[in-house]
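148 is the number of the first residue of the sequence shown in the numbering used here; add one for each residue after it.
Backbone N, C-alpha and C define an ideal beta-carbon position, used for all residues, glycine too.
Single-structure report; data block below.
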Amino acid sequence: MVIPIIERRDIHKGWTNDQWFFKLMTICDYKAENHSESFHLHDYYSVFWIKTGEVVHATDFVEYTLAGNTILFVPPGIRHRMILDKYADGVTFIFNEEFVSMNYDSNIPVREYEIFFNQTFKSLVTLTDEDIPAFGMIVDKLMKEYNRHDKFSRSIVLNLLNLFFLEASRLYEQQNRKEEVEPGDAPNSSIIEFKTLIDKHYREEKGVAFYAERLNMQPSCLNNVTRRTSGITAGEMIRNRIITEVKRLLFSTDLSIKEIGIEMGFDDPAYFSRFFKKYTGTSLSDFRERSRKKYK
148 MVIPIIERRD IHKGWTNDQW FFKLMTICDY KAENHSESFH LHDYYSVFWI KTGEVVHATD
208 FVEYTLAGNT ILFVPPGIRH RMILDKYADG VTFIFNEEFV SMNYDSNIPV REYEIFFNQT
268 FKSLVTLTDE DIPAFGMIVD KLMKEYNRHD KFSRSIVLNL LNLFFLEASR LYEQQNRKEE
328 VEPGDAPNSS IIEFKTLIDK HYREEKGVAF YAERLNMQPS CLNNVTRRTS GITAGEMIRN
388 RIITEVKRLL FSTDLSIKEI GIEMGFDDPA YFSRFFKKYT GTSLSDFRER SRKKYK
């Protein structure tokens, strides 16, 4: 089966440029822009606060129905589909890692939030009447700043997102204490373990064989797992993590390009430059200059 990929240019008409994007809209607007109910992959994060109606959400591993006042968190690289009934409404925001990584006021990377990455592949929280005002206040402020374009608005949006994730993480932990999953019990815990290993070792270890050995798998088997769950190879997952961190360092630190290369485990500056340009289409210096100019 051909997996349709949602093109970024088709849906992101909010805050966007060559490196990052963020979009906030109602569920009604989302339904109008996304007609397909088939399985698909995307390379961005999505958050859906379903306030009314019902939504069926399915991945390769689980399928469940979301009732009103449920918040769903969908990470990139997971094959999924959503079926929204005619009464479904609420809000959704969509963003990529480059957008949230520029929040250097916060030291919590989005990939560390369990609401997005967990072994149950069931990333949702249910709001009680007591919870709704706090989340409503955050979303109302998000909407105001999203429609306001001054030098403070992007930073305020980033910090509001972080607050939203922290509040949701507290609820997630409370609501899932009795559903803790032992390692190996999830339908495909290997992909979660692989991502955890990448986050721990990507600076020193860039080859698939190292991670496959740690997971007691053949490299070809690990590639099959990553292709099935995320649509890309194990090598691409490692490279994507490296490139994301390089971009963050280029934008948010004063380290020289040579120093960043050493920090990332590249002893040869020329090879580091070729690596970055091959997989991003731009040079290290051009990315630093354009990204910093854009956000000053």
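Burial state of residue i (16 or more Cβ within 10 Å)
i	result
residue 189	buried
residue 326	Unreliable placement is indicated for residue 326, whose pLDDT of 45 sits below 50; the coordinate value is still reported in the next sentence. Exposed: under 16 other Cβ atoms inside 10 Å.
residue 438	buried
residue 353	buried
residue 235	buried
residue 322	exposed
residue 418	exposed
residue 295	exposed
residue 434	buried
residue 345	buried
residue 291	exposed
residue 342	buried
residue 275	exposed
residue 408	buried
residue 384	buried
residue 324	exposed
residue 166	buried
residue 209	exposed
residue 387	buried
residue 373	buried
residue 270	buried
residue 331	Any answer about residue 331 is weak, because its pLDDT of 44 lies below 50 and its placement is not dependable; what the coordinates show is given next. Classification for residue 331: exposed.
residue 299	exposed
residue 440	exposed
Contact belief for residue i with residue j at Cβ below 8 Å, rounded distance in angstroms
i	j	result
residue 395	residue 248	5 Å
residue 316	residue 261	6 Å
residue 381	residue 369	5 Å
residue 242	residue 195	Rounded, the Cβ-Cβ distance is 13 Å, inconsistent with contact.
residue 288	residue 307	6 Å
residue 282	residue 222	Actually they do not touch by this definition, with Cβ atoms about 20 Å apart.
residue 225	residue 206	6 Å
residue 431	residue 420	6 Å
residue 237	residue 279	Not really, about 11 Å apart at Cβ, beyond 8 Å.
residue 257	residue 192	7 Å
residue 220	residue 171	Incorrect: roughly 15 Å between the Cβ atoms, too far for contact.
residue 391	residue 244	5 Å
residue 362	residue 399	Not really, about 32 Å apart at Cβ, beyond 8 Å.
residue 187	residue 204	Between residue 204 and residue 187 the Cβ distance is about 13 Å, and since that is not below 8 Å, they are no contact.
residue 272	residue 318	4 Å
residue 416	residue 405	5 Å
residue 232	residue 201	5 Å
Strand pairing of residue i, partner residues [DSSP]
i	result
residue 173	238
residue 197	217, 237
residue 203	212, 230
residue 458	Nothing in the structure corresponds to residue 458, since the chain is present only between 148 and 443.
residue 163	168
Check: residue i C-beta below 7 Å from any heavy atom of the ligand NAP
i	result
residue 391	Absence of the ligand NAP is noted for the structure shown, with no ligands found whatsoever.
Review point. Where in the region 343–385 do unbroken runs of the beta strand (DSSP E), each at least 3 residues long, occur, reported from the N-terminal end onward?
Key: none
Problem - the region 411–427 contacting the region 370–379, beta-carbon criterion three pairs below 8 Å - result: no
Q | Given 8 Å, three or more beta-carbon pairs between the region 340–358 and the region 300–314 | A | no
Could you tell me which uninterrupted beta strand (DSSP E) segments, each at least 3 residues in length, are contained entirely in the region 294–320, listed from first to last along the chain? none
Original post:
Should the region 208–216 be called in touch with the region 166–182, which here means at least 3 C-beta pairs below 8 Å?
Top reply: no
| request: Taking only runs that begin and end inside the region 403–439, name each unbroken alpha helix (DSSP H) of 4 or more residues, in chain order. | output: 404–410, 416–427
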